[in-house]
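Here the structure is laid out as structure tokens; the discussion comes afterwards.
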Amino acid sequence: MLRRAFIQEEGHGRMEPEMRDLRDALDERDVPTELFTAKRLERRQLPLARDTLVAGYVPTVLGALKQLGIEPPPTNDYPRCLEPFLHRRMWTSTVRRLTESLLELSSPPVFAKPVGRRKRFTGHVFRTADDLLLLERASMNTQLICSEAVRWLSEYRVFVVRGTIVGIRHYAGDASVRVHEDTVGEAVRLLESSGEATAGYGVDFGVLATGETALVEWNDGFSLGAYGLERGHYADLTVARWCELTGVTAATPHAS
């Protein structure tokens with residue numbers, strides 16, 4: 001059972017909208033909450049416990065898990081069971097190989113992003129050698145995930161708590177171009193049956209220029225952008241994932 005929650009703030013009560021919604025939702029459920037800054041966590045000034053939620057930015061939550069002696073969960077941006085939903089070719093590479101490719105004038109555009117959470121640059125479509133400036137902070141040996149460059153008409157985040165879709169929120173492109181919800185539902189069922197799902201997560205889908213509904217990427221639920229998801233559902237998702245990571249039974253009241 002969740003006993004209390006630490007919610008990250010920037011200082012003087014400033015916080016991300018997700019953190020404000022989470023605090024308000026937990027207050028409504030009579031779960032005691034306390035705001036904290038990243039500096040307090042780094043200085044080990046928080047009385048952490050497995051039954052005490054820590055919510056905030058990714059490095060913050062991972063830092064709290066480390067203090068609790070819990071290994072960080074592996075990243076799984078493109079679950080194997082969802083490969084049929086990619087609708088584009090993907091491969092692994094390195095900054096060195098990408099650089100060599102871009103220096104060949106006939107090379108087609110490539111989307112690339114670093115593997116793992118410690119990203120030296122954000123995902124980007126590399127078209128010409130001019131784009132190499134984005135790689136200045138990255139080692140030549142940095143591992144990359146690459147894909148064919150595609151055009152997304154719209155993108156949505158699908159929020160899932162214990163196998164149930166609790167919301168679909170638009171975040172990029174033309175909001176009038178909707179994902180095919182049957183396709184999304186099939187993908188979530190595959191995730192659940194494959195064992196690759198977590199208790200709470202967001203999986204991003206979009207509509208390609210071809211009209212196909214395709215997987216953008218999977219996102220772990222412990223530090224997730226809400227894009228306007230109803231705060232009760234966001235709290236359910238965040239608490240479910242924290243309790244799964246810490247081995248605590250999630251027994252807080254749920255959103256109606």
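If you read the sequence shown in full-length UniProt numbering, its first letter stands for residue 1, the second for the next number, and so on. Every residue, glycine too, gets a C-beta built ideally from N, C-alpha and C. Values in this document were obtained by computation on a predicted structure and should not be read as measured data.
Residues that DSSP places opposite residue i in a beta bridge
| i | result |
| --- | --- |
| glutamine 8 | Phe36 |
| arginine 14 | Gly11 |
| valine 239 | DSSP, once it has assigned bridges, lists no residue as partnering valine 239. |
| leucine 53 | Ala5 |
Through-space distance from residue j to residue i, alpha-carbon basis
| i | j | result |
| --- | --- | --- |
| proline 253 | arginine 3 | Note on proline 253: pLDDT 49, under 50, position unreliable in the model; no value is reported. |
| valine 161 | proline 109 | 36 Å |
| arginine 44 | serine 147 | 41 Å |
| histidine 124 | lysine 113 | 7 Å |
| tyrosine 171 | histidine 180 | 16 Å |
| serine 176 | glycine 206 | 12 Å |
| serine 256 | glycine 200 | In this predicted model, serine 256 has a pLDDT of only 44, less than 50, meaning its place in the structure is not dependable; the value taken from the coordinates is given anyway. If you take the alpha carbons of serine 256 and glycine 200, they lie about 17 Å apart. |
| glycine 173 | aspartate 182 | 20 Å |
| threonine 209 | arginine 169 | Rather than threonine, the amino acid found at residue 209 in this sequence is alanine. Roughly 20 Å between the two C-alpha positions. |
| leucine 144 | tryptophan 91 | 8 Å |
| phenylalanine 36 | arginine 80 | 37 Å |
| alanine 55 | valine 166 | 20 Å |
| arginine 120 | alanine 138 | 6 Å |
| glutamate 230 | methionine 140 | 43 Å |
Whole-angstrom C-beta distance between residue j and residue i, which should lie under 8 Å
| i | j | result |
| --- | --- | --- |
| threonine 128 | threonine 94 | Contact flag wrong, Cβ pair sits at about 19 Å. |
| arginine 40 | threonine 33 | Not really, about 15 Å apart at Cβ, beyond 8 Å. |
| leucine 82 | leucine 215 | 5 Å |
| glycine 75 | arginine 117 | Looking at the sequence shown, residue 75 is not glycine but threonine. With a Cβ gap of about 6 Å, threonine 75 and arginine 117 count as contacting. |
| leucine 86 | leucine 68 | Incorrect: roughly 35 Å between the Cβ atoms, too far for contact. |
| arginine 50 | threonine 246 | 4 Å |
| aspartate 77 | leucine 102 | Not quite, the Cβ-Cβ distance comes to about 22 Å (not below 8 Å), so this is no contact. |
| glycine 232 | alanine 25 | 5 Å |
- Hey, which unbroken runs of the beta strand (DSSP E) at 3 residues or more fall wholly within the UniProt domain "ATP-grasp" (85-237)? If we require 3 residues or more, the beta strand (DSSP E) runs fully inside the UniProt domain "ATP-grasp" (85-237) come out as 90-94, 110-114, 124-126, 143-148, 152-161, 164-173, 200-208, 213-220.
- Message: For the pair the stretch 231-246 and the stretch 59-70, tell me if three or more CB-CB distances fall below 8 Å.
- Response: Touching, per the Cβ criterion.
- Does the stretch 17-26 come within contact of the stretch 222-234, defined as at least 3 CB pairs closer than 8 Å? The stretch 17-26 is in contact with the stretch 222-234.
- Between the stretch 184-197 and the stretch 150-160, do at least 3 Cβ pairs fall closer than 8 Å? As far as the Cβ criterion goes, the stretch 184-197 touches the stretch 150-160, which means the pair count is three or higher.
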